[in-house]
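Novice:
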Amino acid sequence: MLKVKFLGAYEGITGSCSWLWHTDSDTQFLVDCGMHQGTHEEEWKNYKPFEFEARKIQYVLLTHAHIDHCGLLPKLVKNGFKGWVYCTQATRDIAELMLRDAAKISDLFNESDVNLIKWHVIDVGGFHWNKTLRLSDGLSVVYKRGSHVLGACSVSIMWSDKDHEGLKSIHFSGDIGSQIEGNCYLPIMKDDHYPYPKSDYIVVESTYGATERDSHFKNHENRINELGSIISKTVFENNGTVLIPAFSFHRTQELIFDILAWQWKYWGESSSKDLMGALIKKEDESSTYESPLRVLCDSPLGSKVNKVYGEQLLKILANGKYQYLNSELADRLKSDEKEVARIFRDLDSNGWIYRNGHIVKCLRPEDREKKKSNQRINKNIKRYGVIIASSGMCDHGPVVSYLKEISRNPNNTIVLTGYQSQGSMGRYLLERSEAAPGNETGANIVNMSGFYSAHGDQEKIVDYIFSLGTLGADSRSARVFINHGEATSKSCLQGAIRHRADQAKQGDRLVSSVEIARSSWFDLSSGRYLEESNDRGDTLIDRLSSIEDKLSRLTDELANLQLDRVRR
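Last residue of the sequence shown: 569 (the working numbering), numbering continuous.
Pasting the structure below:
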């Protein structure tokens with residue numbers, strides 16, 4: 002039997018964690034082990050004891066490196082977890098950076114706990130997507146490509162048990178990206194792989210399960226031209242500064258690519274091309290525009306993440322294809338794939354990218370130490386037309402200092418590109434812009450988050466569930482669990498899935514039922530919830546076992562202490 006219990010994100014968005022137990026091989030493992038984020042009430046959940054015994058967990062199947070999916074891994078280790086964390090190399094490298102950064106402000110764990118995590122990198126030695134990895138007798142996992150962020154995956158788990166013939170499978174979507182097959186409109190990633198046609202169960206996220214984005218936002222030219230128009234008006238017509246608060250992981254890298262695309266290609270094709278002036282040849286045979294665009298990226302963690310992008314983005318699979326890279330990116334940059342590969346390597350080694358006077362510079366640690374913070378901030382505002390700064394919600398990091406200077410001037414523009422949680426400074430700015438558009442007492446505020454969202458909308462999630470790819474003839478009816486979303490999003494998505502199932506389109510996957518995930522043991526082999534009394538009994542037995550182990554260790558420590566006293 003394989004059973005599952007949803008421990009995190011079944012009541013909201015953060016804290017993703019699913020506990021699975023294959024009883025035939027007595028293998029317990031997790032899909033993700035994320036931190037709760039947001040309100041004080043949510044964050045308090047991070048301090049509660051795990052429902053499982055950490056020492057009995059053998060694996061964690063990690064879908065990606067966002068803190069709400071990996072943030073409690075160090076706590077898991079601190080509590081006795083000795084097993085392996087399965088993930089891609091990109092996810093491991095970025096998760097280590099994210100967790101070390103989190104350890105600086107966390108009282109749940111420290112950097113030494115992060116260093117004790119045992120990683121099992123899946124994409125080495127002739128790796129290809131959909132490669133089967135054995136976990137134990139009768140239990141295996143397959144990683145499938147995701148488009149959410151670099152390194153993101155979904156996981157399909159296959160198992161056998163003594164009471165049923167053949168294999169059954171459950172698919173965990175992780176965070177579903179926005180990229181669409183045939184329209185990878187965001188800069189970096191390829192599209193998501195779909196769940197196997199023979200999936201018996203599909204667990205999907207529902208962050209934007211109630212949202213249907215207009216096609217205008219799913220077009221890369223619309224996004225780049227919108228951003229370029231804001232830059233042209235603010236920097237060259239108003240003599241102001243564009244400030245873009247950005248998440249250090251993935252959003253910063255997407256913005257760098259979009260700005261390079263504007264500098265290198267789209268600006269020269271736009272109605273504002275005259276603003277950069279003539280291309281002048283210099284004595285050293287190089288060329289520069291009269292009024293080039295200078296861009297600064299001030300993100301301590303982002304500069305470290307850039308290095309991982311330089312190492313992983315152009316990774317090649319065993320079949321010779323790119324593991325992650327959106328094949329349309331080079332054309333959007335009016336460049337080639339070799340130059341794409343150099344972008345983040347140059348940012349890491351040199352700290353800047355230069356072409357025809359246009360520059361994108363990323364501050365490195367040594368750059369921050371040269372001047373006092375306020376002196377550096379003021380100098381940067383005068384020198385650079387566009388500043389990308391962390392953090393994305395404007396509560397921490399360099400962006401806080403930039404906001405103090407930039408937000409008061411109506412010639413400046415603040416561009417929001419990501420989700421702003423309730424109570425954050427970013428949410429305050431967003432609400433201020435919605436309440437008083439065209440505000441003349443401070444910087445103009447523009448919300449571009451619809452263009453940049455890394456989560457699929459309702460249409461994308463529904464298509465993800467029903468799509469069978471090229472193997473539709475050999476499919477099974479699936480039972481769908483909805484997780485990772487607010488109550489309204491889950492309910493709306495549930496209705497949309499049922500509506501699509503009722504239509505019964507040719508080529509669609511059959512869906513037998515759709516339900517909201519809840520935190521009770523569910524027997525995946527028989528398809529039914531287990532009695533809560535048994536659940537509580539298992540928990541009490543596990544807790545008693547833990548107490549016995551602790552008592553045994555304390556007894557040994559006391560005996561050793563008494564022996565030391567006798568020797569002295």
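Every residue gets a Cβ at the ideal spot worked out from N, C-alpha and C, and that includes glycine.
1) Determine the contact status of aspartate 458 and tyrosine 209, defining contact as a CB-CB distance below 8 Å.
2) Taking its Cβ as the centre, do 16 or more other Cβ atoms sit within 10 Å of aspartate 275, making it buried, or is it exposed?
3) Whole-angstrom Cβ separation of aspartate 201 and arginine 501, contact assumed at under 8 Å?
4) Quick check on DSSP: helix, strand or coil for lysine 266?
5) Helix or strand or just coil, what does DSSP make of leucine 63?
6) What does a CB cutoff of less than 7 Å around aspartate 349 pick up in its chain, not counting 5 residues either side in sequence?
7) Leaving out five residues on either side along the sequence, give the residues of the same chain with a beta carbon under 8 Å from the beta carbon of leucine 134.
8) Are there 16 or more other CB atoms within 10 angstroms of the CB of histidine 41, so buried, or fewer, so exposed?
9) Exposed or buried, what is aspartate 503 when buried is set at 16 or more other beta-carbons lying within 10 Å of its beta-carbon?
10) Quick test of your reading: leucine 8 and leucine 525, contact by CB under 8 Å. State the CB separation rounded to the nearest angstrom.
11) Compute the distance between the beta-carbons of leucine 151 and tryptophan 160, then report whether it is under 8 Å.
12) Rounded to whole angstroms, how far is the Cβ of asparagine 393 from the Cβ of glycine 443, which I believe are closer than 8 Å?
13) Classify proline 366: buried if its beta carbon has 16 or more other beta carbons within 10 angstroms, exposed otherwise.
14) Tell me, please, whether the CB atom of glutamine 504 is closer than 8 Å to any CB atom in chain C?
15) Hey, tryptophan 263 and isoleucine 225 are a contact pair by Cβ (cut 8 Å); roughly how many whole angstroms apart?
16) Under 8 Å, do lysine 79 and aspartate 108 count as touching if we go by C-beta distance?
17) Count the other CB atoms within 10 Å of the CB of arginine 93; is the residue buried (16 or more) or exposed (fewer)?
18) In terms of alpha-carbon separation, which member of Gly147, Asp33, Glu43 and Tyr48 lies closest to leucine 63?
19) Determine the direct distance from the alpha carbon of alanine 247 to that of lysine 491, and round the result to whole angstroms.
20) When the distance is taken between beta carbons, is isoleucine 388 closer than 8 Å to leucine 302?
21) Does the separation of the CB atoms of glutamine 180 and serine 148 fall below 8 Å?
22) Can you tell me the Cβ-Cβ gap for tyrosine 197 and histidine 165, rounded? I've got them flagged as a contact below 8 Å.
23) Between the segment 408-422 and the segment 241-255, do three or more beta carbon pairs fall short of 8 Å?
24) Whole alpha helix (DSSP H) runs in the segment 313-352 with 4 or more residues, listed along the chain?
25) At which residue ranges does the segment 431-486 contain complete beta strand (DSSP E) runs of 3 or more residues, listed in the order of the chain?
26) Can you tell me whether threonine 253 is buried or exposed, with buried defined as 16 or more other CB within 10 angstroms of its CB?
27) Look at the Cβ atom of leucine 330, then the Cβ atom of isoleucine 462, and state whether they are nearer than 8 Å.
28) In whole angstroms, give me the CA-to-CA distance for leucine 314 and tyrosine 530.
29) Alpha helix (DSSP H) containing glycine 229: first to last residue?
30) So lysine 4 is in the beta strand (DSSP E); what residue range does that whole segment cover?
31) Apart from the five residues just before and just after glutamate 52, which ones in its own chain have a Cβ nearer than 8 Å to its Cβ?
32) Looking at the structure shown, is tryptophan 45 part of a helix, part of a strand, or coil, going by DSSP?
33) Is serine 17 helix, strand or coil by DSSP?
34) In the DSSP output, what is aspartate 138 paired with across the bridge?
35) By Cβ distance, which residues of its chain are closer than 6 Å to arginine 346, with the 5 residues on each side in sequence left out?
36) State buried or exposed for glutamine 421, treating a residue as buried only when at least 16 other CB atoms are found within 10 Å of its CB.
Specialist: Considering the structure as presented:
1) Closer than 8 Å, so yes.
2) Classification for aspartate 275: exposed.
3) The pair is not a contact, with the Cβ atoms about 19 Å apart (cut-off 8 Å).
4) The DSSP-derived three-state label of lysine 266 is helix.
5) When secondary structure is reduced to three states using DSSP, leucine 63 falls in the coil class, being assigned neither helix nor strand.
6) Correct list, in chain order: Asn307, Lys308 and Gly311.
7) Closer than 8 Å at Cβ, skipping near neighbours: Tyr87, Ile123, Ser141, Val142, Val143 and Tyr144.
8) By the neighbour-count rule (16 or more Cβ atoms within 10 Å), histidine 41 is not buried but exposed.
9) Answer is exposed; the Cβ neighbour count stays below 16.
10) Not a contact, Cβ separation roughly 16 Å.
11) Not a contact, by the Cβ cut-off of 8 Å.
12) Note that residue 393 corresponds to glycine in the displayed sequence, not to asparagine. With a Cβ gap of about 20 Å, glycine 393 and glycine 443 do not count as contacting.
13) With fewer than 16 other CB atoms across the displayed protein chains lying within 10 angstroms of its CB, proline 366 is exposed.
14) Of the protein chains in the structure, only one exists, and it is not chain C.
15) Indeed they touch by this definition, with Cβ atoms about 6 Å apart.
16) In this structure, lysine 79 lies away from aspartate 108, with their beta-carbon atoms at least 8 Å apart.
17) Arginine 93 counts as buried, since no fewer than 16 other beta carbons sit within 10 angstroms of its beta carbon.
18) Among Gly147, Asp33, Glu43 and Tyr48, the Cα nearest to that of leucine 63 belongs to Asp33.
19) For lysine 491 and alanine 247, the distance between alpha carbons rounds to 27 Å.
20) No, Cβ-Cβ distance for leucine 302 and isoleucine 388 is not below 8 Å.
21) It is a contact, given that the beta carbons lie within the stated cut-off.
22) Contact flag wrong, Cβ pair sits at about 18 Å.
23) Output reads yes: the segment 241-255 touches the segment 408-422.
24) Correct list: 330-333 and 338-350.
25) Runs of the beta strand (DSSP E) inside the segment 431-486: 445-448 and 479-484.
26) Counting other Cβ atoms within 10 Å of its Cβ, threonine 253 reaches 16 or more and is therefore classed as buried.
27) No, they are not a contact pair.
28) Using only the alpha carbons, I get a separation of about 42 Å.
29) Note, glycine 229: alpha helix (DSSP H), 221-232.
30) Note, lysine 4: beta strand (DSSP E), 3-9.
31) For glutamate 52, same chain residues with a beta-carbon under 8 Å away, outside a window of 5 residues either side, are Lys6, Leu8, Trp20 and Thr540 in chain order.
32) Of the three classes helix, strand and coil, the one that applies to tryptophan 45 here is helix, per DSSP.
33) It is coil, neither helix nor strand.
34) Aspartate 138 pairs with nothing; no bridge assigned.
35) Closer than 6 Å at Cβ, skipping near neighbours: Gly311.
36) Buried.
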